[in-house]
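Every number in my numbering is 21 more than the matching position in the sequence shown, counting from 1.
See structure below.
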Amino acid sequence: MAREWALALDLGAISPGQMAYVDVDGLPVALANVGGAIYAFGDSCRHEGGPLSSGLLIGEAVTCPWHGWAYSVRTGKSLIPPVGLRIPVYPVRVEDGQIWVGVDWPDA
Ligand code: FES
């Protein structure tokens, strides 16, 4: 695996309690600002692919806008049945007011 850091968004573009969608080299990623901490996770719901960044963020829980499945934006774990499912989560760096997302790509 080779980790690449991609510039995702200006920190000022996402206020506490908000989410944003970003395309990271073709990967659909959602960003969430939870009390000033930025989390990055896969934007596609494990149910039918609903866009999580268009859902509801309460604390660190994101609820899918399509049918209500919910996940922790910090761990990616499902918060309601079916438990045990996960969405991917990605490491985040904030430098000079900009959000960077780390993605581990398979070696070519
Ligand atoms: S697609 Fe997310 S709950 Fe159905």
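Here a beta-carbon is modelled for each residue, glycine too, at the ideal position from N, C-alpha and C.
#### Entry: Candidates Tyr60, Ala53, Ala58: closest to Leu77 by CA position
If you number the sequence shown from 1, residue 77 lands on position 56. Comparing Cα positions, the closest option is Ala53.
### Task
State the DSSP-derived secondary structure class of Gly63, mapped to helix, strand or coil.
If you number the sequence shown from 1, residue 63 lands on position 42. Reduced to three states, the DSSP call for Gly63 is strand.
### Length of the line joining the Cα atoms of Gln119 and Ser93
Stepping through the sequence shown from its first residue, residue 119 is reached at position 98. Stepping through the sequence shown from its first residue, residue 93 is reached at position 72. So the alpha carbons of these two residues sit roughly 23 angstroms apart.
### Query
For Val122 versus Ala51, is the C-beta distance shorter than 8 angstroms?
To locate residue 122, count along the sequence shown from 1; it is residue 101. To locate residue 51, count along the sequence shown from 1; it is residue 30. No, these two residues do not count as a Cβ contact at 8 angstroms.
### Query
Under the rule that 16 or more other beta-carbon atoms within 10 Å means buried, what is Asp64, buried or exposed?
Translated into positions along the sequence shown, residue 64 becomes position 43. Result: buried.
### Between the CA atoms of Leu48 and Gly105 - distance to the nearest angstrom
Within the sequence shown, the letter at position 84 stands for residue 105. Within the sequence shown, the letter at position 27 stands for residue 48. Roughly 23 angstroms separates the two Cα atoms.
### Beta carbon nearer than 7 angstroms to a non-hydrogen atom of ligand 1
Cys66, His68, Glu69, Gly70, Gly71, Cys85, Trp87, His88, Gly89, Trp90
### Task
Please state whether DSSP places Gly38 in a helix, a strand or coil.
The residue labelled residue 38 in the question sits at position 17 within the sequence shown. Coil at Gly38, not helix or strand.
### Query
Going straight from the alpha carbon of Val45 to that of Glu69, what length do you get?
Stepping through the sequence shown from its first residue, residue 45 is reached at position 24. Stepping through the sequence shown from its first residue, residue 69 is reached at position 48. Roughly 21 angstroms between the two C-alpha positions.
### Query
So what does DSSP say about Gly123, is it helix, strand or coil?
Position 102 of the sequence shown, counted from the first residue, corresponds to residue 123. Residue state, collapsed to three classes: strand.
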